[in-house]
Amino acid sequence: MRSSPTPEDVAKEGLLISRIKNGTVIDHINGGEALNVMKILGITGSTTESLSIATNVPSRNMGKKDIVKLSNRELSKTEVDRIALISPKATINIVRNFKVCEKKGVEIPILIEGSVRCPNPGCISNTNEPIKSRFAVLPEGKGLRCLYCESVIKKDLTSHII
Amino acid sequence: MSFESAMARLGGTSLSVSSVEACSIAKGETLADTIRVVSGYADAIVIRHPKEGAARLAAEFAHVPVINAGDGAGQHPSQTLLDLYTIRQSMDIDGIDVALVGDLRYGRTAHSLASALSLYGVRLHTVSPKGLDLPSSLVNDLTEKGMEIIEHDDLTDVIGQVDVLYVTRIQRERFPDSTSYYNVASSYRITPELLVGARRHLIVLHPLPRVDEIDPRVDASPHARYFEQSRNGIPVRMAMLLKVMQ
């Protein structure tokens with residue numbers, strides 16, 4: 046049985062998922078968070094484009110990291126900044142014709158809209174009203190505050206992702 | 018009713034919807050749609066709603082000013098303005114000691130008042146049954162603003178230390194049975210005997226309605242201010258309505 050590849054193995058053999066011609070590569074996602082990143086981005090299994098996910102890939106700087114490669118879609122900065130909430134070290138590479146044309150980090154946004162459910166069952170955002178949930182991102186990693194009922198999510202954010 | 022009275026005294030009229038059954042919400046209409054429709058009928062909307070954040074939603078969809086008259090267990094800002102006014106009639110608010118008593122978890126009047134008092138350097142004392150204490154997120158907000166909050170288990174511990182005793186109703190439905198309710202409620206009851214140990218200028222407030230939490234014998238005490246507080250709701254709400262419609 047083959048053991049997990051070391052950083053050296055990766056350097057020799059390259060990653061197990063192939064390069065993409067056009068699209069977005071999200072690198073340096075915290076190990077094990079790739080599926081939550083997909084949830085945050087609203088990318089579901091019904092996507093018609095090629096999608097590659099590598100989890101717990103050895104990383105010199107992070108120990109383990111996840112990578113997501115999404116073909117034929119360039120994610121906007123607003124979309125990817127939401128990732129910063131669960132993976133602040135993530136980097137975004139925009140690939141065109143196999144070349145990385147843009148590379149940027151993620152920044153924690155001021156407002157999260159539509160991707161997190163308020164934990165308060167009595168909140169108006171948990172009803173059939175025609176609104177999206179809205180949360181202000183509190184400074185210094187103190188969590189998210191619902192802009193309707195003011196409930197605060199301090200921890201386990203991913204369990205509140207819609 | 019107090020907003021209706023306030024509007025009448027200003028010379029205006031009110032269109033009241035006192036229950037869900039009496040409006041299109043009963044037919045499945047969203048609050049957002051109801052608000053958009055009512056916006057065309059009135060110059061201002063006063064909303065009391067069982068869901069937290071309902072007034073904020075209403076403000077998003079309304080074309081006229083919206084006043085939050087209580088949203089679920091969230092906030093009750095108009096009550097807070099009249100509470101502050103009533104305290105101000107008796108003393109300067111800055112630096113006083115205020116005790117919040119009763120259901121502080123679901124009591125929206127306590128939430129709004131605590132937030133407002135944090136602007137005045139008030140020291141806050143809380144006395145509540147276990148599980149009905151102030152929400153931790155609110156406590157964090159208040160302490161971040163520099164408010165000192167002291168929790169007490171017993172009313173007798175706090176009665177001699179405070180200038181304002183703000184009493185809220187403990188709701189029966191928060192308890193598994195009536196026996197547990199009566200056991201708890203009786204230990205948070207304000208009586209003339211308890212007030213013997215109070216500061217001379219202490220005032221007792223209550224957003225009303227009260228059930229068992231204040232002994233009717235207290236009504237005759239010079240400490241009792243809750244009916245005056247209730248009356249103050251009219252000029253304060255008149256001022257609010259006038260302000261938003263000017």
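First to last, the sequence lines map onto chains A and B.
All the letters of the first sequence, read from the start, carry residue numbers 46 to 207 under the working numbering.
All the letters of the second sequence, read from the start, carry residue numbers 18 to 263 under the working numbering.
Cβ coordinates follow ideal geometry from the N, Cα and C atoms, glycine included.
C-alpha gap between residue i and residue j, whole angstroms
i	j	result
B/L98	A/P184	30 Å
A/G87	B/L151	36 Å
B/A256	B/H169	36 Å
B/E190	B/S203	16 Å
B/V179	B/I64	33 Å
B/F20	B/A79	19 Å
B/L240	B/L212	One detail in the question is off: residue 240 of chain B reads as His in this sequence, not Leu. Taking the straight line from one Cα to the other gives about 8 Å.
B/E46	A/P175	11 Å
B/V221	B/R242	6 Å
B/Y199	A/C168	30 Å
B/R216	B/V253	28 Å
B/D232	A/K200	43 Å
B/L134	B/V81	29 Å
B/E210	B/E230	14 Å
A/G188	B/L225	35 Å
A/T102	A/I62	Thr is not the amino acid found at residue 102 of chain A; the sequence shown has Val there. Roughly 11 Å between the two C-alpha positions.
B/S95	B/A86	6 Å
B/G119	B/Y205	7 Å
B/L14	B/S132	Within the shown structure, residues of chain B are numbered from 18 to 263, placing residue 14 of chain B beyond reach of any answer.
Proximity of residue i and residue j at Cβ, strictly below 7 Å
i	j	result
B/I176	B/V139	no
B/L24	B/S31	Checking the sequence, you will find Met at residue 24 of chain B rather than Leu. Result yes, Cβ atoms of B/M24 and B/S31 sit closer than 7 Å.
A/G150	A/T136	yes
A/I207	A/R162	yes
A/V182	A/I139	no
A/S196	A/N171	no
A/G68	A/S121	no
Own chain partners of residue i with C-beta closer than 6 Å, once the 5 adjacent residues on each side are dropped
i	result
B/A127	L117, L121 and T185
B/Y123	A90
A/R179	E158 and L192
A/V125	I137 and V151
Contact test: residue i Cβ vs the ligand MG heavy atom, cutoff 6 Å
i	result
A/A181	Absence of the ligand MG is noted for the structure shown, with no ligands found whatsoever.
For residue i, the residue or residues it bridges with in DSSP
i	result
B/G29	Partner(s): none; B/G29 has no beta bridge.
B/Y183	B/L117 and B/L222
A/C168	B/E69
A/D72	A/T136
A/S116	A/G68
Cutoff 7 Å; reference residue i; Cβ partners in own chain excluding five residues on either side
i	result
A/M46	For A/M46, the predicted structure reports a pLDDT of 43, less than 50, and the residue's modelled location is therefore unreliable. A value from the coordinates is still provided. Closer than 7 Å at the Cβ level, and outside the excluded window around A/M46, lies no residue.
B/V83	I62, I64, A72, A75 and A76
B/M18	none
Residues of its chain near residue i, where Cβ-Cβ distance is below 8 Å and the 5 sequence neighbours each way are ignored
i	result
A/I153	D126, A129, L130, P133 and V182
If the cut-off is 8 Å on Cβ atoms, which residues from the region 173–189 of chain A count as contacting chain B, listed in chain order? N173, E174, P175 and I176
Closer than 8 Å between beta carbons: that is the criterion. Which residues of the region 56–77 of chain B meet it against chain A? H66, P67, K68, E69, G70, A71, R73, L74 and E77
Listed in chain order, which residues of the region 90–108 of chain B have Cβ atoms closer than 7 Å to some Cβ of chain A? Within the region 90–108 of chain B, the qualifying residues are A90 and G91.
Using a Cβ cut-off of 7 Å, which residues of the region 135–161 of chain B contact any Cβ in chain A, in chain order? S154
If the cut-off is 7 Å on Cβ atoms, which residues from the region 39–52 of chain B count as contacting chain A, listed in chain order? T47, L48 and A49
Using a Cβ cut-off of 9 Å, which residues of the region 194–206 of chain A contact any Cβ in chain B, in chain order? C194, E195, S196, V197 and K199
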